[in-house]
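For reference, the structure is listed below as structure tokens.
Numbering (the numbering used here), first residue to last: 205 to 323.
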């Protein structure tokens, strides 16, 4: 059984982030933040590798996603992983980088395998 916390009716501070967030994207059971230094952090469900940390381990606290590097010009698309169990980041040069479920070719890499590492 998955770890499930009770719902909270008031906003909660994500205190595990080491600095201020400039972008947030939330998807289907996963959340992502880009910090002022351009680094990307993720937490939540990770059964298809959608967090991009190289594992399929659910994360209860934010972890830095090394594959995206640190580029303050990157963008987190609105909606993050949505319901598709994928995550994409758009780099300064317009390159889309993603991870997660590759079913139906939705990562756009020519295959259907899951991709666990961002980039």
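Cβ coordinates follow ideal geometry from the N, Cα and C atoms, glycine included.
Starting from residue 292, trace the beta strand (DSSP E) both ways and give me its first and last residue.
For residue 292, the enclosing beta strand (DSSP E) covers residues 290-294.
Below 8 Å, how does it come out for the region 216-230 and the region 265-275: are there three or more Cβ pairs, yes or no?
A contact is defined here as three or more CB-CB pairs under 8 Å, and the region 216-230 meets this definition with respect to the region 265-275.
Anyone know if the C-beta pair for residue 269 and residue 247 falls short of 8 Å?
No, they are not a contact pair.
Out of 273, 236, 259, which has the shortest C-alpha to C-alpha gap to residue 242?
Looking at the Cα atoms, 273 is the closest of the given residues.
Would residue 231 and residue 303 be called neighbours here (beta carbons separated by less than 8 Å)?
No, Cβ-Cβ distance for residue 231 and residue 303 is not below 8 Å.
What does the Cβ neighbour count give for residue 296, buried or exposed, with the cut at 16 atoms within 10 Å?
Within a 10 Å sphere around the beta-carbon of residue 296 sit fewer than 16 other beta-carbons, which makes this residue exposed.
Just the C-alpha distance for residue 301 and residue 292, rounded to the nearest angstrom, thanks.
Computed Cα separation, rounded: 5 Å.
Taking the alpha-carbon positions, what's the residue 229 to residue 213 distance?
In this structure, the straight-line span from the alpha carbon of residue 229 to that of residue 213 is close to 20 Å.
Could you name the residues of the same chain whose beta carbon sits closer than 7 Å to that of residue 318, not counting the 5 residues immediately before and after it, in chain order?
Within the same chain, residue 318 has close Cβ partners 252, 253, 304, 305, 306.
Measure the alpha-carbon distance for residue 210 versus residue 216 and round it to whole angstroms.
The alpha-carbon separation between residue 210 and residue 216 amounts to approximately 13 Å.
Give me, in chain order, the residues of the same chain whose beta-carbon lies closer than 7 Å to that of residue 249; leave out the 5 immediate sequence neighbours on both sides.
Excluding positions up to five away in sequence, the list reads 233, 234, 262.
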